[in-house]
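To start, the structure under review is shown below, and the notes come after it.
Protein chains: 2
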Amino acid sequence: MTKPQILIVEDDRAISNFIAATLDTQNYQYQQVKTGSSALMSALSYRPDIILLDLGLPDMEGVEIIQKIRQWSNMPIIVISARSDDKDKVEALDAGADDYLTKPFSVDELLARVRVALRRVRYDSTKLSSEASIYENGQLCIDYAAGCTFLNGKEIHLTPIEYKLLCLMAKNTGKVLTHGYILNEIWGNVGGNDTPALRVFMATLRKKIETDTSSPKYIQTHIGVGYRMLRVK
Amino acid sequence: MTKPQILIVEDDRAISNFIAATLDTQNYQYQQVKTGSSALMSALSYRPDIILLDLGLPDMEGVEIIQKIRQWSNMPIIVISARSDDKDKVEALDAGADDYLTKPFSVDELLARVRVALRRVRYDSTKLSSEASIYENGQLCIDYAAGCTFLNGKEIHLTPIEYKLLCLMAKNTGKVLTHGYILNEIWGNVGGNDTPALRVFMATLRKKIETDTSSPKYIQTHIGVGYRMLRVK
DNA sequence: ACAGTGTATTAAGATATTGTTAAGATACTT
DNA sequence: AAGTATCTTAACAATATCTTAATACACTGT
């Protein structure tokens, strides 16, 4: 999976660098800008996954920046501001911000809230049926567009049927899929009731994605019924 | 557009009512619960748009609740907690919470953050409208579509026959079902009069869903006739 | 209190379902 | 055509579930 791209909008050089250093520790990539107008430019050209936005920039009102971006994008915007007044918070959030942190903020909290936003981006991207759709669940990751699967960031090789099976389960995360349904979806079988075959594929698939096949994290079996993909922490 | 549905999870009655009153001013609809287990139940059956979750409930760790819900749903969870420690925040956010407010909180900020979450739900709701058919009775909950059963919000494992039996009783809540009828429905038996077997299954089923098997809340015995599922609480 | 009826519980053996492995068949690539 | 990867099939092992039967319990009426 590609590294998260984050846009830091902050006119105070010290704070900006501090945030940058913090993101460095997580191996995130970022771009730093100091003004509202350059923030809008970068949001457009750099296409970050997240924007960390300081209010109180010299050239533009924070709310204005948020509104401008919201005209064409839903990317997460986390406001970082010295103003702790309710009115400011409400204004920013209602303008379209996703979160609001007041300075001084805790590094850990910032990172946690960044992760929340990233989670959302990842989740959203799976729903836009167009290209670049990615499924992420726990340590497991599927790039539908590229047809690749990753576990713990490392690519794992799946055979065509294994991949189809995994995608089918992934696209129905949380739901129990019956043997019959799965067989239909994968082999297009009409009468063919080849459940044993499904079992061996499930076994080989599990061997590739589960750390402990005897108590699977991802794909759970429902005896007498079928299988279910669970959402994993 | 339908009114937003919000689940308030808070054991302090005063605060719970305060939040409820706040939501009233916005014409939001809500449900109030006081425990972790009822929160899980309501999340399942009430299907709120948002959950407002107090940590520090009497019966369950807040993080545990978040994780359980996240196994099958991405609904926004806003944590409202008295703990302002970084560690608590990070833990909750990483477990899957979307936002974290510390008490005492400002009403305006709460509402603003609720609006943020609602915005997201509205945006998401393009695909997610898969209405599940769900049975709820007291602490018991059946998701027919998924084929899963929950007690106190926690999933419990039922064998195929146990599940069939429970569904049969549930779908006829309030009615007495004779042994013969049940045997027919489950085994399709015509002459087979294997009431002892039914008793065994009823015993194992009760052991799984009743807190006190010697005085069952859910499934009542009618001597000489059969069984009846009662509506609870 | 006693027998008698109906029910609950328990445990062990039988059966069914699922997981695993491996060898042969098929399809693909070079 | 050889070699690799993938699929299919079948046999077996490991579980989970069901059945059965024996025992314990609760209630009823005499």
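For the record, the sequence lines run as chains A and B. Per the working numbering, residue 69 is the first one in the first sequence, and the count goes up by one each step. Per the working numbering, residue 69 is the first one in the second sequence, and the count goes up by one each step. C-beta atoms are modelled at their ideal positions from N, C-alpha and C, and glycine is treated no differently. For clarity, every value in this text was computed on a predicted model and none was experimentally measured.
Alpha helix (DSSP H) segment containing residue i, residue limits
{"i": "A/Gly-325", "result": "With chain A running from 69 to 301 in the structure shown, residue 325 of chain A is simply not present."}
{"i": "A/Arg-81", "result": "81 to 93"}
Cα-Cα separation between residue i and residue j, rounded to whole angstroms
{"i": "B/Tyr-286", "j": "B/Ala-165", "result": "34 Å"}
{"i": "A/Tyr-249", "j": "A/His-290", "result": "14 Å"}
{"i": "A/Ser-141", "j": "A/Leu-112", "result": "9 Å"}
{"i": "B/Glu-177", "j": "A/Asp-176", "result": "22 Å"}
{"i": "A/Lys-195", "j": "B/Thr-281", "result": "Confidence is the limiting factor: at A/Lys-195 the pLDDT is only 49, short of 50, which leaves the residue's position unreliable, though a coordinate-based value still follows. About 46 Å."}
{"i": "B/Ala-89", "j": "B/Arg-296", "result": "40 Å"}
{"i": "B/Ile-133", "j": "B/Met-237", "result": "29 Å"}
{"i": "B/Asp-167", "j": "B/Tyr-98", "result": "19 Å"}
{"i": "B/Thr-279", "j": "A/Trp-255", "result": "45 Å"}
{"i": "B/Gln-94", "j": "B/Leu-186", "result": "13 Å"}
{"i": "B/Ser-201", "j": "B/Met-109", "result": "14 Å"}
{"i": "B/Thr-305", "j": "B/Val-131", "result": "Residue 305 of chain B lies beyond the stretch modelled for chain B, which goes from 69 to 301, so this question has no answer here."}
{"i": "B/Lys-136", "j": "A/Pro-126", "result": "45 Å"}
{"i": "A/Ala-305", "j": "A/Tyr-96", "result": "The shown model of chain A, from 69 to 301, leaves out residue 305 of chain A, and the question about it has no answer."}
{"i": "B/Lys-157", "j": "A/Ala-180", "result": "8 Å"}
{"i": "A/Tyr-203", "j": "A/Glu-159", "result": "33 Å"}
{"i": "A/Val-244", "j": "A/Val-300", "result": "16 Å"}
{"i": "B/Gly-124", "j": "B/Asp-153", "result": "13 Å"}
{"i": "B/Gln-288", "j": "A/Tyr-212", "result": "51 Å"}
{"i": "B/Pro-172", "j": "B/Leu-298", "result": "42 Å"}
{"i": "B/Met-128", "j": "A/Asp-262", "result": "44 Å"}
{"i": "A/Leu-221", "j": "B/Leu-208", "result": "Correcting the residue type first, residue 221 of chain A is Gly in the shown sequence and not Leu. If I take the Cα positions, the gap works out to 40 Å."}
{"i": "B/Ala-189", "j": "A/Val-184", "result": "As written in the sequence, residue 189 of chain B is Val, which differs from the Ala given in the question. When rounded, the distance between both Cα atoms is 15 Å."}
{"i": "B/Gln-100", "j": "A/Asp-122", "result": "37 Å"}
{"i": "B/Leu-219", "j": "B/Ala-82", "result": "28 Å"}
{"i": "B/Gly-294", "j": "B/Gly-206", "result": "22 Å"}
{"i": "A/Ser-197", "j": "A/Ile-210", "result": "With a pLDDT of 42 at A/Ser-197, under the threshold of 50, the predicted position of this residue should be treated as unreliable, though the coordinate-derived value follows. Each residue's alpha carbon lies about 14 Å from the other."}
{"i": "B/Tyr-114", "j": "B/Thr-170", "result": "26 Å"}
{"i": "B/Arg-151", "j": "B/Pro-264", "result": "54 Å"}
{"i": "A/Ala-163", "j": "A/Cys-216", "result": "38 Å"}
{"i": "B/Gln-37", "j": "B/Ser-84", "result": "The requested residue 37 of chain B does not occur in the structure, where chain B is confined to residues 69 to 301."}
{"i": "B/Ala-107", "j": "A/Thr-241", "result": "22 Å"}
N- and C-terminal bounds of the beta strand (DSSP E) containing residue i
{"i": "B/Ile-287", "result": "287 to 290"}
{"i": "A/Tyr-98", "result": "97 to 101"}
{"i": "A/Val-77", "result": "73 to 77"}
Using a Cβ-Cβ cut-off of less than 9 Å, give me the residues of the stretch 125 to 138 of chain B that come near chain A, in sequence order.
Gln-135 and Arg-138
Please name the residues in the stretch 103 to 120 of chain A whose beta-carbon is closer than 9 Å to at least one beta-carbon of chain B, in chain order.
none
What residues in the stretch 284 to 298 of chain B bring their beta carbon closer than 7 Å to a beta carbon of chain A?
none
Would you call the stretch 98 to 118 of chain A in contact with the stretch 132 to 148 of chain A, where contact means no fewer than 3 C-beta pairs closer than 8 Å?
yes
I'd like the ranges of any beta strand (DSSP E) spanning at least 3 consecutive residues and lying wholly in the stretch 103 to 170 of chain A.
118 to 122, 145 to 149 and 167 to 170
Would the stretch 77 to 89 of chain B and the stretch 269 to 276 of chain A be scored as touching if the rule is three or more Cβ pairs under 8 Å?
no
If you pair each beta-carbon of the stretch 222 to 241 of chain A with each one of the stretch 263 to 272 of chain A, do three or more pairs fall below 8 Å?
yes
At 4 residues or longer, and completely inside the stretch 207 to 295 of chain A: list those alpha helix (DSSP H) runs for me, N to C.
228 to 239, 247 to 255 and 263 to 277
Identify each residue in the stretch 200 to 234 of chain B for which the Cβ-Cβ distance to at least one residue of chain A is less than 8 Å, and report them in chain order.
Ala-213, Ala-214, Gly-215, Cys-216, Thr-227 and Pro-228
Near-chain A residues of the stretch 171 to 188 of chain B (beta-carbon distance less than 7 Å), N- to C-terminal order
Ser-174, Asp-176, Glu-177, Ala-180, Arg-181, Arg-183 and Val-184
Using a beta-carbon distance cut-off of less than 7 Å, what residues from the stretch 259 to 273 of chain B approach chain A?
none
Counting only Cβ-Cβ distances shorter than 9 Å, please list the residues of the stretch 147 to 169 of chain B near chain A, keeping chain order.
Asp-154, Lys-155, Lys-157, Val-158, Glu-159, Ala-160, Leu-161, Asp-162, Ala-163, Gly-164, Ala-165, Asp-166, Asp-167 and Tyr-168
Please list the residues of the stretch 236 to 258 of chain A that have a C-beta atom closer than 7 Å to any C-beta atom in chain B, keeping them in chain order.
Gly-242, Lys-243 and Val-244
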